[in-house]
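Presented below is the structure to which this report refers.
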Amino acid sequence: MAYGGSPADPPPVREPLHTPVAHLVRGGVVEGVHYGSVVVLGPDGEIRLRLGDVEAACYPRSALKPVQAVAMVRAGLPLDGELLSLAAASHSGEERHLAGVRRVLELAGLTESDLRNVPDLPFDPVVRDSWVGQGRLPSRLAQNCSGKHAAMLYTCVLNGWSLDDYLDPGHPLQQAIAEIVEDLTGQRVARVTVDGCGAPLFAVSLHGLARAAARLTTAVPGTPEARVADAMREHAEMASGSGRDVAALMRAVPGLLAKDGFEGVQVAARPDGSAIAVKIADGADRARVPVAAAALARAGVTPELLTEFAGAPLLGGGEPVGCLRPVPALDPAPLASCA
Numbered sequence: 012m013a014y015g016g017s018p019a020d021p022p023p024v025r026e027p028l029h030t031p032v033a034h035l036v037r038g039g040v041v042e043g044v045h046y047g048s049v050v051v052l053g054p055d056g057e058i059r060l061r062l063g064d065v066e067a068a069c070y071p072r073s074a075l076k077p078v079q080a081v082a083m084v085r086a087g088l089p090l091d092g093e094l095l096s097l098a099a100a101s102h103s104g105e106e107r108h109l110a111g112v113r114r115v116l117e118l119a120g121l122t123e124s125d126l127r128n129v130p131d132l133p134f135d136p137v138v139r140d141s142w143v144g145q146g147r148l149p150s151r152l153a154q155n156c157s158g159k160h161a162a163m164l165y166t167c168v169l170n171g172w173s174l175d176d177y178l179d180p181g182h183p184l185q186q187a188i189a190e191i192v193e194d195l196t197g198q199r200v201a202r203v204t205v206d207g208c209g210a211p212l213f214a215v216s217l218h219g220l221a222r223a224a225a226r227l228t229t230a231v232p233g234t235p236e237a238r239v240a241d242a243m244r245e246h247a248e249m250a251s252g253s254g255r256d257v258a259a260l261m262r263a264v265p266g267l268l269a270k271d272g273f274e275g276v277q278v279a280a281r282p283d284g285s286a287i288a289v290k291i292a293d294g295a296d297r298a299r300v301p302v303a304a305a306a307l308a309r310a311g312v313t314p315e316l317l318t319e320f321a322g323a324p325l326l327g328g329g330e331p332v333g334c335l336r337p338v339p340a341l342d343p344a345p346l347a348s349c350a
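Under the working numbering, the letters of the sequence shown match residues 12 to 350, in that order.
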């Protein structure tokens with residue numbers, strides 16, 4: 012049963028009414044515009060800032076993994092620490108990630124052959140190049156969602172649920188996940204499709220996604236929500252990778268929980284319940300972090316903690332000539348100045 016009250020109606024499925032959220036400035040001229048949507052919630056849960064369409068249905072992609080992990084813990088998954096962080100991860104494919112996935116599978120009495128995610132090369136470019144240089148082929152273990160899939164299988168084993176069809180939306184595991192998605196976002200799921208890894212993916216609004224993140228960071232210690240948030244914050248590199256911006260963001264901002272997702276999605280929440288969610292319309296990763304950093308500043312994070320996330324300078328002839336800058340409505344006092 013839901014414990015946060017009955018969920019509201021699902022968000023409307025429509026073409027999102029995105030708005031400019033970042034400008035690419037070269038030599039004082041706006042050369043490019045990134046459209047998207049941004050929501051900033053205060054500690055009281057009220058919207059402090061909205062840009063674009065934060066109520067339309069969207070696919071959070073991997074930004075929903077912390078919520079999926081909460082559902083698995085509620086269903087009996089006994090992981091904590093780095094292995095629970097890995098269950099919510101879009102990992103880089105480093106050896107520690109692969110070793111962690113093997114450990115979860117061993118706990119379940121299973122092997123890599125039981126995974127049903129798609130085979131892939133490691134996500135991190137350096138790790139991937141090394142992998143290819145060694146003549147290694149794509150594998151289910153190396154794919155960035157393998158931690159989530161191993162945890163899903165372990166949850167199924169513990170509950171006596173079938174394994175071969177654990178990715179079917181009608182499977183008890185996926186039904187349990189859908190229930191917690193609706194509970195934590197506070198709204199019914201608008202659509203269900205298939206994510207890149209093969210798992211069911213639930214459409215919610217950016218507003219709902221931010222609300223869910225805040226539910227994790229304000230949860231009572233020891234609850235499934237708090238366990239997932241603590242694991243990700245304490246083992247940020249297991250939730251992403253040693254060179255990833257989302258891990259750096261959690262290290263830079265005390266108590267911050269952050270998760271990225273493909274197609275330009277970012278969610279983050281602080282212990283006081285303030286939260287942000289970002290969707291870059293064109294999926295461009297270069298805009299995701301600077302826009303998220305500006306939103307976090309609007310949520311009350313000390314701007315000095317965010318300067319490294321303001322975006323790399325735009326170069327001309329090897330020299331800085333501009334930058335990617337969030338629009339003034341989002342960032343009235345820019346974290347970084349353009350040349």
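Ideal Cβ placement from N, Cα and C applies to all residues, glycine included.
Here the structure is a predicted model, which is why all the values come from computation and not from measurement.
Exercise for the section: Take Gly311 as the anchor and find which of Pro337, Leu326, Gly284 has the nearest alpha-carbon. Expected result: Comparing Cα positions, the closest option is Gly284.
Problem - Counted within 10 angstroms of its Cβ, other Cβ atoms place Gln154 as buried (16 or more) or exposed - result: Gln154 is buried by the Cβ-count criterion.
Practice task
Look up Tyr70 in the DSSP assignment and say whether it is helix, strand or coil.
Solution key: Here Tyr70 sits in coil by DSSP.
Handout entry: Cα-Cα separation, Gly87 to Ala80
Key = Cα to Cα, Gly87 sits roughly 11 Å from Ala80.
Exercise for the section: Measure the CB-CB distance between Val32 and Val338 and report whether it falls below 8 Å. Expected result: Yes, Cβ-Cβ distance for Val32 and Val338 is below 8 Å.
Handout entry: N-terminal and C-terminal residue of the beta strand (DSSP E) that Ser48 is part of
Key = For Ser48, the uninterrupted beta strand (DSSP E) segment begins and ends at 40-52.
Exercise for the section: Tell me where the alpha helix (DSSP H) around Glu117 begins and ends. Expected result: Start and end: 106-119.
Exercise for the section: Can you give me the start and stop residues for the alpha helix (DSSP H) that Val274 sits inside? Expected result: Reading off the sequence shown, one finds Glu at residue 274, where the question assumed Val. Note, Glu274: premise wrong, no alpha helix (DSSP H); not H, not E.
Practice task
Below 8 Å on the Cβ atoms is my guess for Pro77 versus Gly104; work out the distance and round it to an integer in Å.
Solution key: Pro77 to Gly104, Cβ: 20 Å. No contact.
Practice task
Give every residue of the same chain whose Cβ lies closer than 7 Å to the Cβ of Val65, excluding the five residues on either side of it in the sequence, and list them in chain order.
Solution key: Correct list, in chain order: Ser48, Val50, Ser216, Leu217, His218.
Handout entry: Uninterrupted beta strand (DSSP E) stretches inside the region 208-237 (no shorter than 3 residues)
Key = As far as the region 208-237 is concerned, its whole beta strand (DSSP E) runs of at least 3 residues are 211-213.
Exercise for the section: Name, in chain order, the residues that DSSP records as bridge partners for Cys334. Expected result: BP columns for Cys334 point to Val36.
Practice task
Indicate the three-state DSSP secondary structure (helix, strand or coil) for Leu184 in the structure shown.
Solution key: DSSP places Leu184 in helix when its eight states are reduced to three.
Practice task
Buried or exposed for Gly275, please, with buried defined as at least 16 other CB atoms from any protein chain shown within 10 angstroms of its CB.
Solution key: It counts as buried.
Exercise for the section: Specify the secondary structure class of Gly158 as computed by DSSP and reduced to three states. Expected result: In the structure shown, Gly158 sits in a helix (DSSP, three-state: H, G or I).
Exercise for the section: Would you mind stating whether Ala298 and His45 have Cβ atoms separated by less than 8 Å? Expected result: The criterion of a C-beta distance shorter than 8 Å is satisfied by Ala298 and His45.
Practice task
Just mark Tyr14 as buried or exposed, buried being the case when its beta carbon has 16 or more other beta carbons within 10 Å.
Solution key: With a pLDDT of only 45 at Tyr14, under 50, the local geometry of the prediction cannot be trusted, and no value is derived from it.
Exercise for the section: Would you identify the three-state DSSP class for Thr204, choosing helix, strand or coil? Expected result: Strand.
Problem - Top-ranked residue by Cα proximity to Ser253, from Gly144, Leu317, Glu106, Val115 - result: Looking at the Cα atoms, Glu106 is the closest of the given residues.
Problem - Residue interval of the alpha helix (DSSP H) (run including Arg299) - result: Its alpha helix (DSSP H) spans residues 296-309.
Handout entry: Length of the line joining the Cα atoms of Arg37 and Asp342
Key = Rounded to the nearest whole angstrom, the C-alpha separation of Arg37 and Asp342 is 18 Å.
Problem - Between the CA atoms of Cys156 and Lys270 - distance to the nearest angstrom - result: Taking the straight line from one Cα to the other gives about 13 Å.
Problem - Sequence-distant residues of the same chain with beta carbon closer than 8 Å to Arg222, five excluded per side - result: These residues qualify, in order along the chain: Leu52, Gly56, Leu195, Thr196, Gly197, Ala286.
Exercise for the section: Output yes or no for whether 8 Å exceeds the beta carbon distance between Pro149 and Pro136. Expected result: No. Outside cutoff.
Exercise for the section: Give the secondary structure of Gln79 by DSSP, where H, G and I count as helix, E and B as strand, and everything else as coil. Expected result: Annotated three-state conformation of Gln79 is helix, per DSSP.
Practice task
Mind reading off the beta-carbon distance from Pro18 to Glu236? Whole number of angstroms is fine, and I expect it under 8 Å.
Solution key: Between Pro18 and Glu236 a beta carbon distance of about 16 Å is seen, past the 8 Å cut, so the two are scored as non-contacting.
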